[in-house]
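Going by the numbering used here, the sequence shown opens with residue 20, and the numbers climb by one from there.
The beta-carbon is built from N, C-alpha and C at its ideal position, and this holds for glycine as well.
From a predicted model like this one, the values you see are computed outputs, not experimental measurements.
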Amino acid sequence: MNFKINFNTIVWLVMILLTTVINSNAAYFLFICCSLLYMVAKLRLPLTNYCVVTVVSVFLLIPPTLGYTDNNSLGSMFTVLSFVFSFLFAFRVLTSRTELILLSKVLIYYIFGLVVLGLIYSIVVGQRFYITADNLLPGQSRNMLSYYVFFSLSFYLFSNRINDIKPSLVIIGVGLIFSVLLYGRSGIGFASALFLISVAFYCKKRVIAVIGLIVIPILVYYYMEQYYDVIELYITNYTKFGRTTENVRLVMLVDYLDQLTFSKFFLGQQFTRVPSIMSLGSGSPHNSYIWFLANFGFNFLLFLLVAIFSLVLFLIHDRFLFSIFLLFLMRSFFEVIIFPGSISDVFLFIMLLYPIKYLQFNKELA
């Protein structure tokens, strides 16, 4: 497959990937500018189309955001606009599958390159890699780097699937190894799931059996070793289990839901009013859905309905894509990785729009 790569595309790719290492409002602003310039040049739709989508989206997203004052108003504006442009750019990418392949390849080599550089640095300084990885992305932990590995693999698998290209299991395997080296339970678990799903769909049954017999026992042993104390506490005393550090995310989720009322669901809620999120999560719920609900209120329900509809379409037409999308949604439960805007939201909207768009213009998925 030949790619037509021009200077504008290269500039956009470089700038948009920089947002993965910028943990500030500047990243959102950069994303908005890059996406706008790229889409105006490539999408060739009337300017009124952009205006209508932007106005409608802002009308839905702004009201809850105005009541959410944990961030300044400028930051909220950047967040909303980047969210809108994520949708617009996702629509653009879906009109050109070759560019989707290009974006997925650049993304995966970029993320893998970061991990390799971190590995080399850790060897040079004589430090464990999972410690070095905490400093690879400014203001972000190794858990986020582990997520980027999972995200790049998911994007790669999706783009290859819809273009009828067999993905390289070597790349998926390397991603799994990187996730293990990053030493994050969720990262290892979800990367392993991607690997096993890819093997199940693209390998012969004998190969699947051999790989399953090797990988699954290792995962079971790893998780049992990590969670032995937690399981023991759960069996002996449920209340103690609920307060262990291994279960911080569950504590914050339960605390948030306990305080959720109809008005807070509709208009959002400040995290400063949820003690566990402030004390245990340092102001972050470590859950994309809580973050979205707190910031954008009733819009969460709209997203949920569309996500369920897209999942059903994937399940009917392509179970591989269904598995990829479901894993991506599940991974978002453990970190704030979607909805703020940027490259993750582009992939989210691509996954949401693809089955709907395909159902409209075609009878079957490829």
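Which term fits ASN281, buried or exposed, when burial requires 16 or more other beta carbons within 10 angstroms of its beta carbon? Numbered from 1 along the sequence shown, position 262 holds the residue referred to as residue 281. The displayed chain sequence assigns Phe, not Asn, to residue 281. When all chains shown are included, PHE281 counts as exposed.
How about ARG116 and ASP337: do their beta carbons lie closer than 9 Å? Working through the sequence shown from its first residue, we reach residue 116 at position 97. Working through the sequence shown from its first residue, we reach residue 337 at position 318. Taking 9 Å as the Cβ cut-off, ARG116 and ASP337 do not qualify as a contacting pair.
N-terminal and C-terminal residue of the alpha helix (DSSP H) that SER298 is part of: The residue given as residue 298 occupies position 279 in the sequence shown. Looking at the DSSP string, the run of the alpha helix (DSSP H) that includes SER298 is 294-299.
Confirm, please, whether the CB-CB distance from VAL134 to LEU172 is below 9 Å. Here residue 172 is taken as the residue at index 153 of the sequence shown, counted from 1. Here residue 134 is taken as the residue at index 115 of the sequence shown, counted from 1. No, Cβ-Cβ distance for LEU172 and VAL134 is not below 9 Å.
Please look up how many angstroms separate the CB atoms of ILE362 and SER307, rounded, as I've assumed it's under 8 Å. As a working note, residue 362 is residue 343 in the sequence shown. As a working note, residue 307 is residue 288 in the sequence shown. That pair is no contact at about 14 Å.
How many angstroms separate the CA atom of PHE104 from the CA atom of PHE366? For the purposes of this step, residue 104 is identified with residue 85 of the sequence shown, where counting begins at 1. For the purposes of this step, residue 366 is identified with residue 347 of the sequence shown, where counting begins at 1. Using only the alpha carbons, I get a separation of about 12 Å.
ASN318: buried (16+ other C-beta within 10 angstroms of its C-beta) or exposed? As a working mapping, residue 318 is identified with position 299 in the sequence shown. Buried, because 16 or more other Cβ atoms sit within 10 Å of the Cβ of ASN318.
Can you look up LEU156 in the DSSP assignment and give me helix, strand or coil? As a working mapping, residue 156 is identified with position 137 in the sequence shown. The answer is strand: DSSP assigns LEU156 an E or B state.
Cα-Cα separation between LEU113 and VAL144, rounded to whole angstroms: Reading the sequence shown from its first residue, position 94 is the one you call residue 113. Reading the sequence shown from its first residue, position 125 is the one you call residue 144. Cα to Cα, LEU113 sits roughly 44 Å from VAL144.
Burial state of ASN162 (16 or more Cβ within 10 Å): Taking the first residue of the sequence shown as position 1, residue 162 is located at position 143. With 16 or more Cβ atoms within 10 Å of its Cβ, ASN162 is classed as buried.
Find the nearest neighbour of PHE358 within the set LEU136, LEU323, PHE311, judged by alpha-carbon distance. Within the sequence shown, residue 358 is the residue found at index 339, counting from 1. Ranking the options by Cα distance to PHE358, first place goes to PHE311.
Taking the alpha-carbon positions, what's the PRO186 to SER205 distance? Counting from 1 along the sequence shown, the entry for residue 186 is found at position 167. Counting from 1 along the sequence shown, the entry for residue 205 is found at position 186. One C-alpha to the other measures close to 23 Å.
Tell me which same chain residues have a C-beta within less than 7 Å of the C-beta of PHE368, skipping the five on either side of it? Within the sequence shown, the letter at position 349 stands for residue 368. The residues are SER105, PHE106, ALA109.
Under three-state DSSP, which class holds LYS376? Residue mapping note: residue 376 aligns to position 357 of the sequence shown, counting from 1. In this structure, LYS376 counts as helix in the three-state DSSP scheme.
Where the alpha helix (DSSP H) containing LYS124 begins and where it ends: Working through the sequence shown from its first residue, we reach residue 124 at position 105. Per DSSP, the unbroken alpha helix (DSSP H) holding LYS124 starts and ends at 116-144.
By the three-class DSSP mapping on this structure, what secondary structure does HIS305 have? The sequence position of residue 305 within the sequence shown is 286, counting from 1. Coil at HIS305, not helix or strand.
Is it buried or exposed, ASN256, if we count other Cβ atoms within 10 angstroms and call 16 or more buried? Taking the sequence shown and counting its residues from 1, one reaches residue 256 at position 237. A caution first: ASN256 carries a pLDDT of 44, below 50, which makes its placement in the model unreliable, though a value can still be read off. Exposed: under 16 other Cβ atoms inside 10 Å.
Extent of the continuous alpha helix (DSSP H) to which PHE169 belongs: The sequence position of residue 169 within the sequence shown is 150, counting from 1. Here the alpha helix (DSSP H) through PHE169 covers 161-181.
Buried or exposed by the 16-neighbour rule on C-beta atoms within 10 Å, applied to SER298: Start at 1 with the first residue of the sequence shown, and residue 298 comes out as number 279. So SER298 counts as exposed.
Between PHE174 and SER123, what straight-line distance do the alpha-carbon atoms span, to the nearest angstrom? Within the sequence shown, the letter at position 155 stands for residue 174. Within the sequence shown, the letter at position 104 stands for residue 123. Looking at the backbone, the Cα of PHE174 and that of SER123 are separated by about 6 Å.
Buried/exposed call for PHE380, threshold 16 Cβ in 10 Å: Within the sequence shown, the letter at position 361 stands for residue 380. In this predicted model, PHE380 has a pLDDT of only 44, less than 50, meaning its place in the structure is not dependable; the value taken from the coordinates is given anyway. Under a 10 Å Cβ-count criterion, PHE380 is classified as exposed, with fewer than 16 other Cβ atoms of the shown protein chains found around its own Cβ.
If you drop the 5 nearest sequence neighbours on each side, which residues of the same chain put their C-beta closer than 7 Å to that of ALA152? Along the sequence shown, one-based indexing puts residue 152 at 133. These residues qualify, in order along the chain: GLY137, ARG161, LEU164, LEU201.
Closest Cβ-Cβ distance between LEU213 and chain C: below 9 Å? Among the chains in the structure shown there is no chain C, since it carries only a single protein chain.
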